[in-house]
Amino acid sequence: MNQLYQASQNILEQLKELTLQLSDEEYINSLNMLSGNTIGKHVRHIIEFFDVLASGYSKSVVSYDNRAHDPFLEQNRDLVLNKIVELQRWLATKPMDKELILAAGYSENEDTTLKIKSSYFRELSYNIEHAIHHMAIIKMTVITIFPHIKLPSQFGIAYSTIRFDYTQ
-2 MNQLYQASQN ILEQLKELTL QLSDEEYINS LNMLSGNTIG KHVRHIIEFF DVLASGYSKS
58 VVSYDNRAHD PFLEQNRDLV LNKIVELQRW LATKPMDKEL ILAAGYSENE DTTLKIKSSY
118 FRELSYNIEH AIHHMAIIKM TVITIFPHIK LPSQFGIAYS TIRFDYTQ
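When we follow my numbering, the leftmost residue of the sequence shown carries the number -2, and every step to the right adds one.
In structure tokens:
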């Protein structure tokens, strides 16, 4: 499962590269292209999903619904960079796969939580795909609004697409 760890580390490193290049203003400005959201909100969202998985690992329960929505991660690049490094260090320990329970609610008007059998590797895989999805949105925004930012070539591109493009 080295692929999962390597992909996760690559994603976090790419987010770090992006965050280092953005100014504070670029990171926190509400953008029409993001429906009034900010790049910082998207970065925070990605980071919090990885963080929920890391913190839920020891309890064997993961609930993305109960993430912090920490406004400081949306507004403070130094804080998010520190959190990325923290997550990279945790992933470097290469936690073993194990069963997890995914606690999630899918009702608009009922506060009920489903308990779904999952595993650490399955949730890490989900985090990779989830991150790439948000990074693709960030990429479109950066290319259009902040062309001076140099994104890594694979930023926001699914690994299956990278492999496919390589064979063409």
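Ideal Cβ positions, reconstructed from N, Cα and C, are used throughout, including at glycine.
{"Item": "7 Å CB neighbourhood of residue 33 in its chain, flanking five on each side removed", "Value": "27"}
{"Item": "Spatial distance of residue 139 from residue 146 (CA atoms)", "Value": "7 Å"}
{"Item": "Identity of the residues DSSP links to residue 59 by a beta bridge", "Value": "99"}
{"Item": "Sequence-distant residues of the same chain with beta carbon closer than 7 Å to residue 51, five excluded per side", "Value": "84, 87"}
{"Item": "Close-in-space but distant-in-sequence residues of the same chain around residue 166 (CB under 8 Å, 5 per side omitted)", "Value": "The structure shown has nothing for residue 166, since the chain only spans -2 to 165."}
{"Item": "C-alpha gap between residue 106 and residue 62, whole angstroms", "Value": "15 Å"}
{"Item": "Helix, strand or coil at residue 154 [DSSP, three-state]", "Value": "coil"}
{"Item": "Span separating the alpha-carbon of residue 123 from that of residue 143", "Value": "29 Å"}
{"Item": "DSSP-derived helix/strand/coil call for residue 122", "Value": "helix"}
{"Item": "Residue 40 and residue 100 closer than 7 Å at C-beta", "Value": "no"}
{"Item": "Residue interval of the alpha helix (DSSP H) (run including residue 1)", "Value": "-1 to 18"}
{"Item": "Span of the beta strand (DSSP E), counted from its first residue to its last, around residue 80", "Value": "Note, residue 80: premise wrong, no beta strand (DSSP E); alpha helix (DSSP H) at 74 to 89."}
{"Item": "Cross-strand partners of residue 111 (DSSP beta bridge)", "Value": "101"}
{"Item": "Alpha-carbon spacing of residue 120 relative to residue 1, whole angstroms", "Value": "10 Å"}
{"Item": "Whole-angstrom distance between residue 5 and residue 125, CA atom to CA atom", "Value": "6 Å"}
{"Item": "Enclosing alpha helix (DSSP H) for residue 41 [first to last residue]", "Value": "36 to 54"}
{"Item": "The alpha helix (DSSP H) enclosing residue 146, as first and last residue numbers", "Value": "Per DSSP, residue 146 belongs to no alpha helix (DSSP H) and is neither H nor E."}
{"Item": "Beta-bridge partners of residue 116, as assigned by DSSP", "Value": "96"}
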